Ligand code: GLN
Ligand code: ZN
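Numbering (this note's numbering), first residue to last: 988 to 1746.
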């Protein structure tokens, strides 16, 4: 009989139990045993839950207190020397110091860098390696967790990040080649596999998601070498797990590796099944990733079943596993906790637990069990209802999207022409100063929002409170001497949620938490239907803020690409199409802001770069529709209206053309930590429009001095023509406190005055 399993389970807990336990531990409020106890309890509950949902085998070692990549770095003793003493002294404290840094108890340790896990919104900690790095197996977590599961009677499979992906996801601090460390690393894997085999582990899962990326010759050779070496040692049977896309040109390499089983992603890449089956070596297990681990829709079980049947025909039930496409880490735990979701929508969804149950249905159907028909029918009905529902299908929205043409995304005049009109209208000084939008979300602001949500203050009281906060922010900005003001975003819980709540086609869960990193979770909105804007969203706030001051007030919106990237998206329509609908809904907001007398409108697109597909060959198509969406959203305004955009990062070298094609009048980016080096892409491209390179690192409470910011500004001035240069912090200030924000912005304005005097 084929096996039902999954590649990994969410760790944070349906009620974010791990988050709260971690935070209590970090605050020093929990006794030493509390965190391990809660962690073990979560593991055990999750195994039980997966078994009851229908899993035959549960993955173990997918659990982590903070991040699984960090766990591997610690397991192999691949940590910076600076952290070793603390790690030796107090393993848990050392582990969290690697994750979060530590400035107490006589330690001053920085955190490892964090970066996105492939194209998900999960972030992992980047192991730091160096030439001559030595590795050592320094723990037994995979085995210990396997034993824990076994004692509870579960058939379990330890999950390890494979050696080549581990190295490719790491960085070296001295510029040496990561893959040169493979020979040093492999003995650790060999030792670990040997321990697992000796303990009686039957299968181990080696995750090699890098196999879905473009690989160079060195990486391919590393794969061949690594897996040949591991085939020589005592080991459980090895399942090579690939996910997040098709194998494409890496398929032949993958099939040549000496492993006992292969997992492929058939949710993102169902079309690869034929090629995989055709090349699968005799006797190898095929783990079919049938159910989407990246999204929350109930599956099309007929399609999953058809794929499973084809695989079954080729490999037989002894060699077939039915699994999730990737780890279920990227979806919430259990739909059962969503008591407030509207009935039809809830019946369309599946979270981790429901996804395992779907696999169990596929297995029953594959085995021809009679009662599977009822479950299949139920799934068919739910899916059909969704696809045809008037909540989903809005003909007017679709017609409008179909009718929108490139012309609608074209400004009336060139930047050179319209910048003259804008300057006449705005009368800004040289090097205009501004901020990115949000001002501190202080305790009282968050409390007022919470009370409003619970209904303990009424709408009018809440609005009064927000108006007072807004006025305070406006006065503060006037006093500081900024040139272009913002209203402060006090009314916003989150830059995506705030808009999603006001757009139709978006829904929000109560408990749909997904881990972003460590204890940080997000609750991504669900885009379930055609997106429209029933009413203005920000106009009243902008109008009110503008009424308080003669200085220009910047309108503030989240752009279509970011609204899409940070949500669960529809699986019944291309992302490009959904993005276009969002763009048009936001376009109406832009035009209404303009009509309300808002002369500068900023449209944030921090997610543009992170939306880049994993394979280079797919970049151009993505950038085409992403840029087109931004243009549709932004560029319907008159010449006199100034469009800004903000992007939270500064690696622009490979997307600078796309950024230029957006044609925003001003783009602000993060440059303070790179000391303006990252302006380089704009300089080389001779980017023609306005640029606001951040001069103030908002990620730290530190107040930069006037001199520091002046140095940065002079550097920027040396790189780009003065009439293009704006002055602003790196990003929004919502995580900061007022005293430091005021002090830093005063220094920023003072630095700008010096720069102006040098003109
Ligand atoms: N306007 C938003 C803010 O200031 C931008 C945040 C972001 O780009 N992440 O908070
Ligand atoms: Zn930002």
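Yeah, the Cβ is synthetic: ideal placement off N, Cα and C, and Gly gets one too. No experiment lies behind these values; they were computed from the predicted model shown.
* To do: May I ask you to list the residues that DSSP assigns as paired with residue 1144?
  => 1046
* Evaluate residue 1225 with the Cβ neighbour count: other Cβ atoms within 10 Å of its Cβ, from every protein chain shown; 16 or more gives buried, anything less gives exposed. => buried
* Check whether the Cβ of residue 1278 sits closer than 7 Å to any heavy atom of ligand 2, and report yes or no. => no
* Since residue 1352 is in the alpha helix (DSSP H), which residue starts that stretch and which ends it? -> 1339 to 1353
* To do: Could you tell me which of 1508, 1744 and 1453 sits nearest to residue 1427, measuring between CA atoms?
  => 1453
* Asked: Looking only at its own chain, which residues have a Cβ that is under 8 Å from the Cβ of residue 1496, when we skip the five neighbours before and after it?
  -> 1319, 1325, 1328, 1510 and 1513
* Nearest-angstrom Cα separation, counted from residue 1124 out to residue 1223 -> 18 Å
* **Assumed close pair residue 1188, residue 1133 - CB separation to whole angstroms, cut-off 8 Å** => 6 Å
* Are the beta-carbon atoms of residue 1094 and residue 1101 separated by less than 8 Å? -> no
* Asked: Does the stretch 994 to 1007 touch the stretch 1500 to 1507, meaning 3 or more C-beta pairs lie closer than 8 Å?
  -> yes
* Asked: residue 1147 and residue 1192: beta carbons closer than 8 Å?
  -> yes
* Asked: residue 1730 lies in the alpha helix (DSSP H); which residues open and close that run?
  -> 1725 to 1744
* Exposed or buried, which one is residue 1705 when buried takes at least 16 other CB atoms within 10 Å? -> exposed
* Alpha-carbon spacing of residue 1108 relative to residue 1199, whole angstroms -> 18 Å
* Asked: If you pair each beta-carbon of the stretch 1680 to 1687 with each one of the stretch 1651 to 1664, do three or more pairs fall below 8 Å?
  -> yes
* To do: My understanding is that residue 1672 touches residue 1643, with C-beta atoms under 8 Å, so please give their C-beta distance in whole angstroms.
  => 5 Å
* **Test item: CB-CB of residue 1591 and residue 1632 under 8 Å** => yes
* Asked: In its own chain, which residues sit with a C-beta less than 6 Å from the C-beta of residue 1301, not counting the 5 before and 5 after it?
  -> 1264
* **Residue interval of the beta strand (DSSP E) (run including residue 1543)** => 1541 to 1545
* Asked: Any heavy atom of ligand 1 closer than 7 Å to the Cβ of residue 1423?
  -> yes
* Compute the Euclidean distance between the alpha carbons of residue 1558 and residue 1675, then round it to the nearest angstrom. => 38 Å
* Relative to the alpha-carbon of residue 1542, which residue among 1172, 1396 and 1629 has its alpha-carbon at the smallest distance? -> 1629
* Below 8 Å, can you find three or more Cβ-Cβ pairs linking the stretch 1583 to 1599 to the stretch 1540 to 1555? -> yes
* Asked: Are the CB atoms of residue 995 and residue 1046 nearer to each other than 8 Å?
  -> yes
* With 16 other Cβ atoms within 10 Å as the buried cut-off, status of residue 1750 -> Lying before the first or after the last residue shown, residue 1750 is absent from the chain, which here runs from 988 to 1746.
* By the 10 Å Cβ neighbour count, where 16 or more other Cβ atoms means buried, how is residue 1466 classified, buried or exposed? -> exposed
* Does the beta carbon of residue 1680 fall short of 7 Å from some heavy atom of ligand 2? -> no
* Confirm, please, whether the CB-CB distance from residue 1293 to residue 1275 is below 8 Å. => no
* To do: State the Cα-Cα distance for the pair residue 1470 and residue 1653, rounded to the nearest angstrom.
  => 15 Å
* **Own chain, CB closer than 6 Å to residue 1415, minus 5 neighbours either side, in chain order** => 1470
* Where does residue 1372 fall in DSSP's three states? -> helix
* To do: Measure how close the beta-carbons of residue 1023 and residue 1423 come, nearest whole angstrom, since I'm counting them as under 8 Å.
  => At roughly 41 Å, the Cβ-Cβ gap does not stay under 8 Å, so residue 1023 and residue 1423 are not in contact.
* Asked: Nearest to residue 1487 by CA position, among 1400, 1507, 1344 and 1516, is which residue?
  -> 1516
* Once you ignore the five residues that flank residue 988 on each side, which residues in its own chain have a CB closer than 7 Å to its CB? -> 1304 and 1354
* Asked: Would the beta-carbon of residue 1540 be found less than 7 Å away from any heavy atom of ligand 4?
  -> This structure does not include ligand 4; its bound ligands are ligand 1 and ligand 2.
* Asked: Is the stretch 1373 to 1380 close to the stretch 1060 to 1077, with three or more CB pairs under 8 Å?
  -> no
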